[in-house]
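The block underneath contains the structure these notes are about, expressed in structure tokens.
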Amino acid sequence: MKKLAYLLLPVLTKLPFGLLYPTGEKQEEWVVDWRSRYYRFADLVAGDWHYLKRHMPEDMRGKSVLTNTTTEEDVAFLRARGARYLITTTPRLSGRSFGTNVMEALLVALAGRELGEADYLRYIDLLGLKPQVLDLEKPQEERA
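Letter by letter, the sequence shown follows residues 140 to 283 in our numbering.
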């Protein structure tokens, strides 16, 4: 593996970011391809939301999705496909779950300095930041 990494990484790091990850309008494109088949066998699908959404099949009945950076539109997208749960590692603020990197930047900005692991844990506890589990089968008014 190390030899392969030694040979490939110098080339891979020169590739355009958009080739590896959907950016801009490509984030909204829905591409059902060979990657989509893996969703069929999983009870829990985890990863970056834009990548998950891009390759997500229409039938997600009973499946749980673990991700971040989701909006209310994304919640509706998952509900329409029959997903059971949406789990985010960060809380929803104004209908949106932000990326962990955004939450980390927020804590650093609040502290005004670089933080260590103990600092992050203290701020997370102090601010009551918790992951969120949305039961997508419950009517919207029951979800808080």
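Note that beta-carbon positions come from the ideal geometry of N, C-alpha and C, so glycine has one too. On a predicted model such as this, the values are computed, not experimentally measured, just so you know.
Just mark residue i as buried or exposed, buried being the case when its beta carbon has 16 or more other beta carbons within 10 Å.
i, result
"ARG193", "buried"
"GLU281", "Confidence in GLU281 is poor, its pLDDT being 46 and thus under 50, which makes the residue's placement unreliable; the coordinate value appears in the next sentence. Answer is exposed; the Cβ neighbour count stays below 16."
"ALA222", "buried"
"SER233", "exposed"
"PHE156", "exposed"
"LEU266", "exposed"
"LEU159", "exposed"
"LEU151", "exposed"
"LEU143", "exposed"
"PHE180", "exposed"
"LEU146", "exposed"
"ALA283", "Unreliable positioning characterises ALA283 in this predicted model, as indicated by a pLDDT of 47, which lies under 50. A coordinate reading is not provided."
"LEU217", "buried"
Please return the same chain residues whose Cβ sits closer than 8 angstroms to the Cβ of residue i, not counting the five positions on each side in sequence.
i, result
"ASP182", "GLY201, LYS202 and SER203"
"TYR178", "VAL184, HIS194, MET195, PRO196, MET199 and LYS202"
Spatial neighbours of residue i within its chain, please: CB distance less than 6 angstroms, with the 5 preceding and 5 following residues excluded, ordered by chain position.
i, result
"TRP188", "THR206, THR208 and THR209"
"TYR262", "LEU246"
Would residue i and residue j qualify as a contact pair, given that the criterion is a beta-carbon distance under 9 angstroms?
i, j, result
"LEU275", "VAL214", "yes"
"MET242", "LEU268", "yes"
"ARG235", "GLU211", "yes"
Below 8 angstroms on the Cβ atoms is my contact criterion, and I expect residue i with residue j to pass it. Report the Cβ-Cβ distance as a whole number of Å.
i, j, result
"GLY258", "ALA250", "Looking at the sequence provided, one finds Asp at residue 258 rather than Gly. About 7 angstroms; that satisfies the 8 angstroms criterion."
"ILE226", "VAL272", "5 angstroms"
"LEU254", "LEU246", "6 angstroms"
Enumerate in chain order the residues of its own chain whose CB-to-CB distance from residue i is below 7 angstroms, with the five nearest sequence positions on each side excluded.
i, result
"THR228", "ASN207, THR239 and PRO270"
Is there at least one Cβ from chain D nearer than 9 angstroms to residue i's Cβ?
i, result
"GLY157", "The displayed structure is made up of one protein chain only, and chain D is not part of it."
Quick one: which unbroken beta strand (DSSP E) runs of 3-plus residues sit fully inside the segment 222-274? Chain order, please.
224-227 and 271-274
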